[in-house]
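If you count by full-length UniProt numbering, then the sequence shown holds residues 1 to 372, one letter each, in order. Note that CB positions come from ideal geometry on N, CA and C, so glycine has one too. Only one structure is covered here, and it is reproduced in the block below.
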Amino acid sequence: MSALPGIDPTARTRGRWRDVWRMLIFSGKRLLALLLTVLAGVYLTILIANMGGQVDELRMVQIRGEISEAVRADPAFQDMSSEERNELIERQVDLEVERLNLDQPFILRSFDYLYRAMLLDLGRAEQMHSDAGSRQVFDIIVERLPATLLLFGTANLLIFLVSVWVALHLSRRYGSMLDRSVVGLAPSSAAPAWFYGMFLILIFAFVLPALPSGGMVTAPPPEDRLEYLASVVRHMALPLVAMFLSQIFISIYSWRTFFLIHSSEDYVEMARAKGLPEHLIQRRYILRPTLSPIVTSFLLMLIGLWSGAIILEQVFNWPGLGTLVFQAIGHRDTPVIIGTVVIFAYLLAATVFLLDLLYGILDPRVRIEGGR
């Protein structure tokens, strides 16, 4: 194929390589900025979760108490004198303190915690363990993460798709009965999902015992895959409906207002004056130009997956990250709390970085700094 007239192929190639180089520089800068943000957030979490080192002091008291109890209860040490038994306790306490690096100043240990956390070496839980028996924090989190992603991912995807579709429909019927009903029901989203969840449990699990009140699957779990999937769907129904009711009306109202503003643009009025079909106008002249904020809204919704997970998962006894964090706070298991924040920080940074790249692809008005 011959080159286009008036365009130098060499200059065009140089321009492409220049764009690639700018993209790499931009990506590197964004990754560095996000890495520094994650570092700051994780370090603040370490300081807060350890209360400036006071939690480690409480841990040393707990270590001494556990070792003392174990030594005094062991028949092998009953013949020892009090002085020998106390010396044995002190030696074991010193070994445990040295193993946990609790003999070092907290400021040094905090940076060691930060370094290992950024490498996803989240250490061992102090009190908790996974269902498989592992005490590694990473294994505990990875075991609970799929349950949260399944429930909150499904709910947010359903809310997003339904709200955008209904909002497009309402933007064509401004002032209709359905439109006024959605506007009137929008304040109902002020109530959190767990509030609706309690009423749903009362009605559909006790008054009309049609659905389970909590859990993720029946006990014991079905061995057949289809039966297992059906059990998960039945257990997920009530929390899914609770989240849907708490978000759908305000989401529809927000997108309906957004689409109404874009429907009044001059190029949309021009398309209507040309006699184009309404569905084509909606898809080509309203939905396509607003694709960037739509994708942004969806990804930001994914970022907030677990923001309300603690209470909701506790209400429905859903074995996800929310329940894990609640249990870790109750057990004062600092490594699990910090590990959960680290995982969330990485997911947040990855989502923001993906947003930056998608903006340049979806919106032609967005240009990398230095471009022309």
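Reduced DSSP category for residue i - H, G, I as helix; E, B as strand; rest coil
| i | result |
| --- | --- |
| Q136 | strand |
| R124 | strand |
| A219 | coil |
| Q247 | helix |
| P335 | helix |
| L74 | Residue identity check: residue 74 is Asp in the sequence provided, not Leu. Here D74 sits in coil by DSSP. |
| M80 | coil |
| K274 | coil |
| N317 | coil |
| Y115 | helix |
| S2 | Any answer about S2 is weak, because its pLDDT of 46 lies below 50 and its placement is not dependable; what the coordinates show is given next. Looking at S2 - three-state DSSP - the assignment turns out to be coil, as it is neither helix nor strand. |
| H129 | coil |
| T290 | coil |
| D356 | helix |
| N50 | coil |
| A210 | coil |
| L100 | coil |
| P239 | helix |
| D227 | The residue you asked about is not Asp; residue 227 is Glu in the sequence shown. Three-state result, E227: helix. |
| S264 | coil |
| A33 | helix |
| residue 403 | Past the boundaries of the shown model lies residue 403; the chain is included only from 1 to 372, so the question cannot be answered. |
| A191 | coil |
Cutoff 8 Å: residue i Cβ touching any chain D Cβ
| i | result |
| --- | --- |
| T148 | Of the protein chains in this structure there is only one, and it is not chain D. |
When the options are compared against residue i, the one with the closest alpha-carbon
| i | options | result |
| --- | --- | --- |
| residue 405 | A345, A193 and P277 | The requested residue 405 is not part of the displayed model; the chain covers only 1 to 372. |
| A49 | L347, R332 and T351 | R332 |
| A190 | L287, L245 and R30 | L245 |
| L114 | R234, D79, A40 and V55 | A40 |
| G215 | M51, M198, G320 and V268 | G320 |
| V93 | P105, D79 and A70 | A70 |
| A33 | L348, L202 and A147 | L348 |
| R256 | W194, H169 and L358 | H169 |
| P293 | K274, L202 and Y359 | Y359 |
| W318 | M23, M301, R272 and H235 | H235 |
| L100 | A117, E90 and G123 | G123 |
| S188 | Q127, E57, L211 and I250 | I250 |
| I252 | V268, L58 and L158 | L158 |
| I63 | L47, L95 and Q104 | L95 |
| V268 | L36, V295, L31 and R172 | R172 |
| S297 | I343, F160 and E143 | F160 |
| R59 | E126, V20 and W21 | E126 |
Cβ-heavy atom distance, residue i to the ligand HEM, below 7 Å
| i | result |
| --- | --- |
| N86 | Absence of the ligand HEM from the depicted structure is noted, as is the absence of any ligand whatsoever, leaving it without description. |
Could you tell me whether the stretch 142 to 160 touches the stretch 239 to 246, using the rule of 3 or more Cβ pairs below 8 Å?
Touching, yes, given that three or more Cβ pairs across the two stretches are closer than 8 Å.
Unbroken stretches of the alpha helix (DSSP H), 4 residues or longer, contained in the stretch 132 to 186
Taking only runs of at least 4 residues, the alpha helix (DSSP H) segments lying wholly in the stretch 132 to 186 are 137 to 171 and 177 to 185.
Is there contact here, the stretch 205 to 212 with the stretch 323 to 331, by at least three beta-carbon pairs under 8 Å?
No contact exists between the stretch 205 to 212 and the stretch 323 to 331.
For the stretch 314 to 321 and the stretch 275 to 291, state whether three or more C-beta atom pairs, one from each stretch, are separated by less than 8 Å.
The stretch 314 to 321, when compared against the stretch 275 to 291, does not touch it at the 8 Å Cβ threshold.
Is there contact here, the stretch 152 to 171 with the stretch 78 to 89, by at least three beta-carbon pairs under 8 Å?
The stretch 152 to 171 is not in contact with the stretch 78 to 89.
Check whether the stretch 162 to 170 touches the stretch 337 to 351, counting contact only when three or more Cβ pairs, one atom from each stretch, lie closer than 8 Å.
Look at the beta carbons and you see the stretch 162 to 170 not touching the stretch 337 to 351: under three pairs across the two are nearer than 8 Å.
The stretch 120 to 138 touching the stretch 347 to 361, judged by at least three CB pairs closer than 8 Å:
Here the stretch 120 to 138 does not lie against the stretch 347 to 361, with fewer than 3 beta-carbon pairs under 8 Å apart.
Take every Cβ of the stretch 70 to 81, pair it with every Cβ of the stretch 102 to 112, and state whether three or more of those distances are shorter than 8 Å.
Segments in contact, no.
Any chance the stretch 259 to 277 sits against the stretch 210 to 224, with 3 or more Cβ pairs inside 8 Å?
At 8 Å Cβ cutoff, the stretches do not touch.
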